[in-house]
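Notes follow the structure.
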Amino acid sequence: MQHLVDTNDFSDTQIAQLLHDAKSFKAQRPQQLLHDKLLITLFFEASTRTRSSFEVAAKRLGASVVHLDPSRSSAKKGESLEDTFANLCAMEPDGIIVRHSENATPKLLADMQTSPVINAGAGNYAHPTQALLDLFTMVEHFGGDVKGKTIAIVGDIVSSRVASSGIRLMTRMGMNVLLVAPEQFMPNSDLPQYKNLEDVIDKVDVIMSLRAQLERHEKELFEDYADYASQYCITKERMRNRDILLLHPGPVMRNIDISDEMLEDPRCKVLTQVKNGVFIRMAILKLLLLDS
Ligand code: ASP
Numbered sequence: 010m011q012h013l014v015d016t017n018d019f020s021d022t023q024i025a026q027l028l029h030d031a032k033s034f035k036a037q038r039p040q041q042l043l044h045d046k047l048l049i050t051l052f053f054e055a056s057t058r059t060r061s062s063f064e065v066a067a068k069r070l071g072a073s074v075v076h077l078d079p080s081r082s083s084a085k086k087g088e089s090l091e092d093t094f095a096n097l098c099a100m101e102p103d104g105i106i107v108r109h110s111e112n113a114t115p116k117l118l119a120d121m122q123t124s125p126v127i128n129a130g131a132g133n134y135a136h137p138t139q140a141l142l143d144l145f146t147m148v149e150h151f152g153g154d155v156k157g158k159t160i161a162i163v164g165d166i167v168s169s170r171v172a173s174s175g176i177r178l179m180t181r182m183g184m185n186v187l188l189v190a191p192e193q194f195m196p197n198s199d200l201p202q203y204k205n206l207e208d209v210i211d212k213v214d215v216i217m218s219l220r221a222q223l224e225r226h227e228k229e230l231f232e233d234y235a236d237y238a239s240q241y242c243i244t245k246e247r248m249r250n251r252d253i254l255l256l257h258p259g260p261v262m263r264n265i266d267i268s269d270e271m272l273e274d275p276r277c278k279v280l281t282q283v284k285n286g287v288f289i290r291m292a293i294l295k296l297l298l299l300d301s
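Its first residue numbered 10, the sequence shown is counted upward by one per residue in the working numbering.
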């Protein structure tokens, strides 16, 4: 039984296969490869893009999707996570897509070996489908290989599962990853660390901007996010005419993470990431439900 807890669950060959399948799904709408499959989504945290992207991906491939809303489920009556999961597994779905605030949850559920588990974001540790869609977007943009390309991750890196999954995948793919953040947002890491974007902007091919993960902060880290924005918001003045690909996993805090003007700029690929998210998730579902 294959799960997706983090991207290291996939071999290099499987990652190449995912990029290949996503590209061909984008070029041509595929057949209903998963017409006899049924997926359950179990999201204990809010989601706009990831949940709907999984649903669209599943339905584009002909699969059915059932959503369980934990805020209206027996989790509210005190049922444990493991029991809720075991009960869903008893209905014999072909996979369960899980989002949870605890880093360990997807692995814990995968270890029960009762259904393939697909991690749709867990704590501050892993968001593998986001990492894979970001990789797909970069591979597409650079026309093939991302090896040797330099990316600056800017923002609340310490609390971001997009950053942690992304760092593991991008370094594995041979990218140079630079971390740009104020002290409050900087993780313990061996990667090069910078306080000022100006110090690295001339050497990067990609900037990934991140939202302050307020829901994960135990105390207020900035009194005023305008101060943060004055140094880290990606604006046209900062970007000038440099040929840099600008990514953000969403939701974007406008004029804190990225300015209104830069969001309209063709170098900003936020909506391309969302579009590509569907194709990469189609490829992931195919791999987990059909090819494994
Ligand atoms: N949507 C992403 C996540 O679930 C990024 C974010 O929320 O800032 O981690």
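Every residue, glycine too, gets a C-beta built ideally from N, C-alpha and C. All values derive from a computational prediction rather than experimental measurement.
### Three-way DSSP call (helix, strand, coil) for residue 241 in this model
Here residue 241 sits in helix by DSSP.
### Query
Would you report the Cα separation of residue 162 and residue 10, rounded to the nearest angstrom?
Residue 162 and residue 10: Cα-Cα distance of roughly 34 Å.
### Query
Can we count residue 287 as close to the ligand ASP, meaning its CB is less than 8 Å from some heavy atom?
Checking every heavy atom of the ligand ASP against the Cβ of residue 287, none is found closer than 8 Å.
### Query
When we look at the beta-carbon of residue 221 and count the other beta-carbons within 10 Å, is it buried (16 or more) or exposed?
Residue 221 is buried by the Cβ-count criterion.
### Buried versus exposed, by CB contacts within 10 Å (16 or more), residue 22
Taking all protein chains in view, the Cβ of residue 22 is surrounded by fewer than 16 other Cβ atoms within 10 Å, so the residue is classified as exposed.
### Query
Tell me the DSSP bridge mates of residue 217?
For residue 217, the beta-bridge partners assigned by DSSP are 162 and 256.
### Task
Would you identify the three-state DSSP class for residue 130, choosing helix, strand or coil?
If DSSP states are grouped into helix, strand and coil, residue 130 belongs with the strands.
### Message
Just checking residue 59 against the ligand ASP - is the residue's beta carbon closer than 8 Å to any of the ligand's heavy atoms?
### Response
Yes, the ligand ASP has a heavy atom inside 8 Å of this Cβ.
### 6 Å CB neighbourhood of residue 171 in its chain, flanking five on each side removed
136, 139 and 258, listed in sequence order.
### Three-state secondary structure assigned by DSSP to residue 276
DSSP places residue 276 outside both helix and strand once states are collapsed to three, so it counts as coil.
### Message
Is residue 110 near the ligand ASP - that is, is its Cβ less than 8 Å away from at least one heavy atom of it?
### Response
No, since every heavy atom of the ligand ASP falls outside the 8 Å radius drawn around the Cβ of residue 110.
### Query
What are the partner residues of residue 186, as DSSP defines its beta bridges?
Paired residues: 160.
### Task
Using a threshold of 9 Å, state whether the C-beta atoms of residue 142 and residue 17 are closer than that.
Between residue 142 and residue 17, the gap from beta carbon to beta carbon reaches 9 Å or more.
### Query
Residues bridged to residue 77 by DSSP?
Answer by DSSP bridge pairing, in chain order: 51.
### Message
Is residue 220 close to the ligand ASP? I mean its beta-carbon at under 8 Å from any heavy atom of the ligand.
### Response
Yes - the ligand ASP has a heavy atom lying nearer than 8 Å to the Cβ of residue 220.
### Rounded C-alpha distance that separates residue 238 from residue 50
If you draw a straight line from the Cα of residue 238 to the Cα of residue 50, it comes to about 35 Å.
### Task
Answer yes if the stretch 186 to 199 comes into contact with the stretch 152 to 168, meaning at least three C-beta pairs across the two stretches below 8 Å, and no otherwise.
Touching, yes.
### Task
Would you list the residues sitting across from residue 105 in a DSSP beta bridge?
According to DSSP, which records beta bridges pairwise, residue 105 is partnered with 49 and 126.
### Task
Taking all protein chains shown into account, decide if residue 43 is buried (16 or more other Cβ within 10 angstroms of its Cβ) or exposed.
Around the Cβ of residue 43, a 10 Å sphere holds 16 or more other Cβ atoms; the residue is buried.
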